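Following: one structure in structure tokens, then a few remarks.
Residue numbers (the working numbering): 692 to 1121.
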């Protein structure tokens, strides 16, 4: 079942405007007929009555069953025609309005929304949303789920057909739509769209509509700057904020890189291939958890210089290592020529983290690196676990990890289950 909704649905629709105009036309026709001297058989003095009486009797034509006025008689022909027109048109307008109202109430989708109890609302249908939905179904197969998505997506088919979610097409940040989602009876709200502002805007509006959702709203924020800026705000304390890159980066540094640093005598060289949000969180975690373990960091990205400025503003570079920036694509041979000129990889045991947003490019680059630099410790990032990638990593002797697996393992237990046995936790705003 897919419900289509947009804020425009709350505005005056063309159909409602037409009905309004017809009502005015029919009402004026009936009133004009009485004013022109037309009488009715069961109310012979109505044409001589005052204005309020004429308005009352004309409005009575719109009541299903009507008032017992009798038939138009007397007066000019055009007056009787106008009154007869009102006799037939008025109940027709009322009947169509009643039928439309009944159809709205009996709409299968609206009925499903009205019946919701202890349901989970998921904003967005991207990779993170589906990841959570799959895990939810593993733990709670019968939990009612509503997925709100603004644009068509193949993932909606999986959410509806495989995971039995009720799909609502609309903007999760629309206050009118949020009110239809029965938030007062919702178990939890997860805002997992790809737009940080939409997630936080929807969280703010949801709490305004239903304050009891406090500590039961989860919002994904990918931008580190935004996370830090709102770390001590009221909205951050009222909901749980998390970052998938932070989860993955923390796991990578704690379980793989620190142990590797301990096995090398000299301070290490770190190469970050891809310096977007994931690269930012890896370097921030390295600075926090492994200070003094590396003395050089090379950042390679098509927009490395600009992104380094962003990192410096958001987090700040530590002073205990040297850094090198290379603006270019890791697939470009000239990038590696420049890298060797600035900071040679031969003759040392560098840590190379292949972390662009393209899993295929990451895998190919990791394979090439292990053949070109056999002493390098290469780590390849992917979003989903791939049996093929794991087999290749074993054959080529590099490390691989799945962000999806790490996130699944890190999902708190209280994101599942009833509110009665779920602990109230503080916002994950760092």
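Glycine included, C-beta positions come from ideal geometry on N, C-alpha and C. Quick caveat: nothing in here was measured; it's all calculated off a predicted structure.
Using C-beta distances below 6 Å, list every residue in its chain close to residue i, excluding the 5 sequence neighbours before and after it, in chain order.
{"i": "residue 856", "result": "836, 838, 850"}
{"i": "residue 1087", "result": "1058, 1061"}
{"i": "residue 773", "result": "720, 723, 724"}
{"i": "residue 1068", "result": "951, 1042"}
{"i": "residue 966", "result": "990, 992, 995, 998"}
{"i": "residue 1066", "result": "1040"}
{"i": "residue 882", "result": "814, 890, 893, 894, 910"}
{"i": "residue 896", "result": "866, 869"}
{"i": "residue 1045", "result": "964, 1053, 1056, 1057, 1071"}
{"i": "residue 701", "result": "Low per-residue confidence applies at residue 701: pLDDT is 45, beneath 50, and the placement is therefore not dependable, though the value from the model is reported in the following sentence. 867."}
{"i": "residue 820", "result": "813, 883"}
{"i": "residue 808", "result": "876"}
{"i": "residue 679", "result": "Only positions 692 to 1121 of the chain appear in this structure, which leaves residue 679 out of reach."}
{"i": "residue 767", "result": "727"}
By the DSSP assignment, the alpha helix (DSSP H) with residue i in it spans what residues?
{"i": "residue 738", "result": "Note, residue 738: premise wrong, no alpha helix (DSSP H); not H, not E."}
{"i": "residue 849", "result": "Element bounds for residue 849: n/a, residue is neither H nor E."}
{"i": "residue 1026", "result": "1024–1033"}
{"i": "residue 1060", "result": "1050–1063"}
{"i": "residue 856", "result": "Per DSSP, residue 856 belongs to no alpha helix (DSSP H) and is neither H nor E."}
{"i": "residue 870", "result": "866–871"}
{"i": "residue 825", "result": "818–830"}
Less than 7 Å between C-beta atoms, sequence neighbours within five positions excluded: which residues of the same chain meet that for residue i?
{"i": "residue 947", "result": "1070, 1090"}
{"i": "residue 942", "result": "1097"}
{"i": "residue 833", "result": "none"}
{"i": "residue 1115", "result": "Low confidence applies to residue 1115: its pLDDT is 38, below 50, so where it sits in the model is not reliable, and the reading given next is rough at best. Cβ within range, chain order: 906."}
{"i": "residue 1034", "result": "960, 987, 989, 1015"}
{"i": "residue 901", "result": "874, 875"}
{"i": "residue 1107", "result": "827, 830, 831"}
{"i": "residue 1050", "result": "1073, 1074"}
{"i": "residue 775", "result": "763"}
Is there a Cβ of chain C sitting closer than 8 Å to that of residue i, yes or no?
{"i": "residue 995", "result": "In summary, chain C is missing from the structure at hand, where a single protein chain is found."}
So residue i is in the beta strand (DSSP E); what residue range does that whole segment cover?
{"i": "residue 928", "result": "Taken as a continuous stretch (DSSP letters only), residue 928 belongs to no beta strand (DSSP E), being part of the alpha helix (DSSP H) at 925–929."}
{"i": "residue 814", "result": "810–814"}
{"i": "residue 842", "result": "No beta strand (DSSP E) holds residue 842; DSSP gives it neither H nor E."}
{"i": "residue 1093", "result": "1090–1093"}
{"i": "residue 917", "result": "Premise fails: residue 917 lies in the alpha helix (DSSP H), 915–920, not in any beta strand (DSSP E)."}
{"i": "residue 1067", "result": "Where residue 1067 is concerned, there is no enclosing beta strand (DSSP E), given that its DSSP letter is neither H nor E."}
{"i": "residue 882", "result": "877–882"}
{"i": "residue 908", "result": "908–911"}
Looking only at its own chain, which residues have a Cβ that is under 8 Å from the Cβ of residue i, when we skip the five neighbours before and after it?
{"i": "residue 1112", "result": "Low confidence applies to residue 1112: its pLDDT is 42, below 50, so where it sits in the model is not reliable enough to give any reading."}
{"i": "residue 1122", "result": "Summary: the structure shown does not reach residue 1122, with the chain confined to residues 692 through 1121, and so no result is reported for it."}
{"i": "residue 1009", "result": "978, 982"}
{"i": "residue 1011", "result": "982, 983, 986"}
Check the C-beta distance from residue i over to residue j and give it rounded, since I have them as a contact under 8 Å.
{"i": "residue 908", "j": "residue 922", "result": "Not quite, the Cβ-Cβ distance comes to about 16 Å (not below 8 Å), so this is no contact."}
{"i": "residue 915", "j": "residue 1005", "result": "5 Å"}
{"i": "residue 940", "j": "residue 969", "result": "7 Å"}
{"i": "residue 936", "j": "residue 913", "result": "7 Å"}
Flag residue i as yes when its Cβ comes closer than 7 Å to any non-hydrogen atom of the ligand MN, and as no otherwise.
{"i": "residue 973", "result": "Ligands in the displayed structure: none, and consequently the ligand MN is not present."}
inquiry  = Please give the ranges of any alpha helix (DSSP H) in the segment 709–794, keeping only runs that are unbroken, at least 4 residues long and fully inside the region.
reply    = 742–751
request  = Please go through the segment 939–1016 and give each complete beta strand (DSSP E) segment of 3 or more residues, from N-terminal end onward.
outcome  = 959–964, 985–992
message = Three or more C-beta pairs under 8 Å: does that hold for the segment 778–793 against the segment 730–748?
response = no
inquiry  = Across the segment 1073–1080 and the segment 998–1008, are there enough close Cβ pairs to call them in contact, namely three or more that are closer than 8 Å?
reply    = no
inquiry  = Assess contact between the segment 865–878 and the segment 808–817, defined as three or more Cβ pairs (one per stretch) separated by less than 8 Å. Is contact present?
reply    = yes
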